[in-house]
Amino acid sequence: IFFLSLPTPGPDLLSRIDLDELMKKDEPPLNFPKTLEEFEYAFNEQGRLRHTTTGEAYAFNAREDLHRWNQKRYEALGEIITRYVYQLLETKCNLTKEIVPVDATAEEPRSFIYLSADAMSNPAKLLVLIQGCGVVRAGQWARRLIINQDLDSGTQIPFITRAQEEGYGVMVLNPNENHLEVERPAKPAPLPSPEASDEPAEKRERKDDRESKKKRDFYEKYRNPQKESETEQIPIRENGSPEEHVLYVWDHFVSKAAARNVFVVAHSYGGLSLVELMIQREAQVKNRVCAVAMTDSIHNVWHQDANKSIQEWLQQHCRNWVSSPEPLDTPVEPMLSDCPRVSAGTERHELTSWRSFNSIFQFFSEALQTGEEEETSNTVTTRSSHRTKPDHDHNHNDL
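This note's numbering puts the first residue of the sequence shown at 4, with every later residue one more than the last.
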């Protein structure tokens, strides 16, 4: 008796037909509105995103059991939000775009940052804002907060307006705009070799067409027919990563600004990029930066090989507001020997910047006052040692 062993179709079939895709065979087209108005959403007076008809908050699951479609819809709204925030930076905050690289040609990919009118000329104070990594662009801390909570918590606008009220120049970095994405041209299908068959070419082409149509119909029936186009990324010169971008903006803007005291707010990956900048430009950063406020920074002085002098400087001039259940500003046990850690008053990573907003500006004011007192003390000591007329010692108007 001979037993004929036949392959079981189950695993092989499942490997070729994704069950997730099977469930999505009726997925609507991935064509989404291009404006907030077309999406039927708007920001109300409190800066909350609401449906223009129902007044309800944004609903992610617009279509049940269509996770990919819902995600693509969310991403399309996110792109609109990015443009909307750019518009607010320009109209509400009066910031202007500066192209990077500064010498970009018309043909090459480019990015931009935002500057206040006095960013380069303000003689006293400059605030530099560095966001985390991901989909967020200039002016945003967290897209999720902008869509689901409000503009104040999710954007950098409160930091910008407060800084302007307190006499700072402002620079808003754009560390995640690292490349231009272009559609990759479709590869031409390889032509079959004439030697491969004795059939006449015309008959073979008709047969191939029928086979292709069968395959196409199968996939259209059982798989998601909406295949996304393939893209390739062309890096932006000298700005191909967040770390490169921060270094580039330092070299071409911050280091050339007039401000005597530079202040930095760096969220999440922005903290890592700031430490990387210190490793590359240690003397310059120490000379220009008065204080650094990090919010749930993911930097690591050991992994990044920051030397002891950098670690000591961070201990003196930096504070990291971290996600924690403790009340705002409660000291949190440091993990490494770098900047002191305090609670941001929230356990949500993306909310740490907004929750520590007032504390950060208080920290900057105190750091500036301490710096000015030390400077005055040093100046008095230096000048006193050169004085020969004791009757002039009571007059310090020139200080």
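Every residue gets a Cβ at the ideal spot worked out from N, C-alpha and C, and that includes glycine.
Query, Result
"Give a yes or no on contact between the segment 268 to 285 and the segment 111 to 127, applying the rule of three or more CB pairs nearer than 8 Å.", "no"
"Of all the options E184, S380, S258, S271, which has the alpha carbon lying nearest to the alpha carbon of T418?", "Only positions 4 to 402 of the chain appear in the structure, and residue 418 is not among them; the question remains open."
"Check for me: the alpha helix (DSSP H) holding P161 runs from which residue to which?", "160 to 168"
"What are the start and end residues of each continuous alpha helix (DSSP H) run of 4 or more residues lying completely inside the segment 100 to 183, in chain order?", "146 to 151, 154 to 157, 160 to 168"
"Using a threshold of 8 Å, state whether the C-beta atoms of F115 and V103 are closer than that.", "yes"
"Check whether the Cβ of R71 lies closer than 7 Å to any heavy atom of the ligand SAM, and answer yes or no.", "Here there are no bound small molecules, and the ligand SAM is not part of this structure."
"Which stretch, first to last residue, makes up the beta strand (DSSP E) that contains L52?", "52 to 54"
"Kindly indicate the opening and closing residues of the alpha helix (DSSP H) around M281.", "272 to 283"
"In or out: H389 buried (at least 16 other Cβ within 10 Å) or exposed?", "Any reading at H389 must be qualified, since the residue scores a pLDDT of 47, below 50, and its modelled position is unreliable; no value is offered."
"Taking 6 Å as the limit between beta carbons, can you name the residues of its chain near P36, skipping five residues before and five after?", "F42"
"Whose C-beta lies closer than 7 Å to the C-beta of N47 among residues of the same chain, with five residues either side of it excluded?", "R53"
"Terminal residues of the continuous alpha helix (DSSP H) containing R263?", "No alpha helix (DSSP H) contains R263, which DSSP labels as neither H nor E."
"Mapping DSSP to helix, strand and coil, what is N323?", "strand"
"Leaving out the 5 sequence neighbours to the left and right, which residues in its chain are closer than 6 Å to A294 when beta-carbon positions are compared?", "F266, H320, F367, A370"
"Give the DSSP-derived three-state secondary structure of S346 in the structure shown.", "strand"
"Taking 8 Å as the threshold (C-beta atoms), are A261 and S300 in contact?", "no"
"Which class does A370 belong to by DSSP, given the choice of helix, strand or coil?", "helix"
"For L92, which residues from the same chain have a beta carbon less than 8 Å from its beta carbon, with the 5 sequence-adjacent residues on both sides left out?", "L98, Y117, A141, G142, I160, I163, V175"
"What does the alpha-carbon distance come out to for the pair N470 and I239?", "Examination of residue 470 is not possible in this model, given that the chain is present from 4 through 402 alone."
"For P238, report the span of its beta strand (DSSP E) as first-last.", "234 to 238"
"Would you check if the segment 145 to 152 and the segment 283 to 293 touch, i.e. whether three or more CB-CB distances between them fall below 8 Å?", "no"
"Could you check what DSSP says for F63 in three-state terms: helix, strand or coil?", "coil"
"For T298, is the classification buried or exposed, using 16 other Cβ atoms within 10 angstroms of its Cβ as the cut-off for buried?", "buried"
"Which value, in whole angstroms, describes the spacing of the CA atoms of I363 and V139?", "21 Å"
"Report the three-state DSSP secondary structure of V304 (helix, strand or coil).", "coil"
"Could you give the distance in angstroms between the alpha-carbon of T379 and the alpha-carbon of S359?", "30 Å"
"Identify which residue in A45, E67, R165, R66 has its Cα closest to the Cα of T57.", "A45"
"Where does W305 land, buried or exposed, given buried means 16+ other C-beta within 10 angstroms?", "exposed"
"Just to confirm, is the Cβ distance from S340 to Q314 under 8 Å?", "yes"
"Helix, strand or coil for A2? Go by DSSP, reduced to three states.", "Here the chain covers residues 4 to 402 and nothing more, so residue 2 does not appear."
"Could you work out which residue in E110, D254, Y77 is closest to N151 when comparing CA atoms only?", "Y77"
"Quick one: Cα of T108 to Cα of E241, how far?", "14 Å"
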